[in-house]
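Trainee: The working numbering puts the last residue of the sequence shown at 1001; the count rises by one with no breaks. For each residue, glycine too, the CB sits at the ideal point set by N, CA and C. As the structure is a prediction and not an experimental result, all values here were calculated from the model. One structure, as structure tokens, below. Some questions next.
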Amino acid sequence: LEAIVDRLADILERAGREVEAISRDIFQARSTKASKRNRDFQELLKGIGRKEDLASSVRDSLISLQRLAGFLAHVAGQTKMSKDVRARIKTLSRDVLSLADHATFLSQKISFLLDATLGMISIEQNAIIKIFSVAAVIFLPPTLVASIYGMNFDIIPELKWEFGYPFAIGLMVVSAILPFWYFRRRGWL
813 LEAIVDRLAD
823 ILERAGREVE
833 AISRDIFQAR
843 STKASKRNRD
853 FQELLKGIGR
863 KEDLASSVRD
873 SLISLQRLAG
883 FLAHVAGQTK
893 MSKDVRARIK
903 TLSRDVLSLA
913 DHATFLSQKI
923 SFLLDATLGM
933 ISIEQNAIIK
943 IFSVAAVIFL
953 PPTLVASIYG
963 MNFDIIPELK
973 WEFGYPFAIG
983 LMVVSAILPF
993 WYFRRRGWL
């Protein structure tokens, strides 16, 4: 049993180091290429998933060992076992309890890293959607002006005016610049 507990402690220690490495990867500066960032996030999510599987397996093993240690302590209390054996069982129970606490901590850290990674992905998606939204708002007014002046009506007064065409072009440019200027001023671009 002591060898099993030692092995589980080694596994948890290694998993803790790997979780720390994942944490550094999540919070370090990202690549500027979107495709590379997407691959990085995918790899991080896979790594987080593997560590959570490992942590839950270790936690399950520790729960079984806790139950076994409790049973052994009960049996040791009812039988004439030596003090040395009782002390070893007590030490084993404390070690298992300590490792279970560490496994719980590691699992909570993994959950935090998962939330942080998903948050980073969400921020990235929001930035992309913001660019699309701003582009749509900037190009919508010129498109509206062009579609109105592009209709085959003879009754639009500016059509007979010698500056009608430059006026329509100017109106389209101004209608594109105003939203762009507004977004820049608000800090959205």
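If we ignore side chains and look at the alpha-carbon of each, how far apart do residue 827 and residue 949 end up?
Mentor: As a working note, residue 827 is residue 15 in the sequence shown. As a working note, residue 949 is residue 137 in the sequence shown. Spanning the two alpha carbons is a distance of roughly 48 Å.
Trainee: Which residue from 966, 934, 870 and 922 puts its Cα closest to that of residue 830?
Mentor: The residue you call residue 830 lines up with position 18 of the sequence shown. Nearest option by C-alpha distance: 922.
Trainee: Checking 8 Å against the spacing of the C-beta atoms, do residue 871 and residue 915 come in under that value?
Mentor: By 1-based counting over the sequence shown, the position of residue 871 is 59. By 1-based counting over the sequence shown, the position of residue 915 is 103. Contact flag set, yes.
Trainee: Quick one: measure Cβ to Cβ for residue 838 and residue 925, integer angstroms, because I've assumed they're closer than 8 Å.
Mentor: By one-based count along the sequence shown, residue 838 stands at place 26. By one-based count along the sequence shown, residue 925 stands at place 113. Contact flag correct, Cβ pair sits at about 6 Å.
Trainee: Taking the continuous alpha helix (DSSP H) assigned at residue 983, which residues delimit it?
Mentor: Locating residue 983 in the sequence shown gives position 171, counting from the first residue. Looking at the DSSP string, the run of the alpha helix (DSSP H) that includes residue 983 is 976-998.
Trainee: How is the alpha helix (DSSP H) around residue 891 delimited, first residue to last?
Mentor: For this step, residue 891 is matched to residue 79 along the sequence shown. No alpha helix (DSSP H) holds residue 891; DSSP gives it neither H nor E.
Trainee: Quick one: residues in its chain with C-beta nearer than 8 Å to the C-beta of residue 979, no 5 flanking neighbours on either side, listed in chain order?
Mentor: One-based indexing of the sequence shown puts residue 979 at position 167. Here the set comprises 970 and 973.
Trainee: Considering only residues of the same chain and omitting the five flanking positions on each side of residue 873, which have a CB-CB separation below 7 Å?
Mentor: Residue mapping note: residue 873 aligns to position 61 of the sequence shown, counting from 1. The residues are 820.
Trainee: May I ask you to verify whether the segment 928-938 touches the segment 848-858, counting CB pairs closer than 8 Å and requiring at least 3?
Mentor: Touching, yes.
Trainee: Comparing alpha-carbon positions, which option in 868, 852 and 848 lies nearest residue 823?
Mentor: The sequence position of residue 823 within the sequence shown is 11, counting from 1. If we check each option's Cα against that of residue 823, 868 comes out closest.
Trainee: For a test of the three-state rule: what should DSSP assign to residue 967, helix, strand or coil?
Mentor: Taking the first residue of the sequence shown as position 1, residue 967 is located at position 155. Coil at residue 967, not helix or strand.
Trainee: Within 10 angstroms of the Cβ of residue 848, are there 16 or more other Cβ atoms? Answer buried if so, exposed if not.
Mentor: Here the question's residue 848 lines up with position 36 in the sequence shown. The residue in question, residue 848, is exposed, as its Cβ has fewer than 16 Cβ neighbours within 10 Å.
Trainee: When the Cβ atoms of the segment 938-957 are set against those of the segment 984-999, are three or more pairs found closer than 8 Å?
Mentor: Contact holds: three or more Cβ-Cβ distances are below 8 Å.
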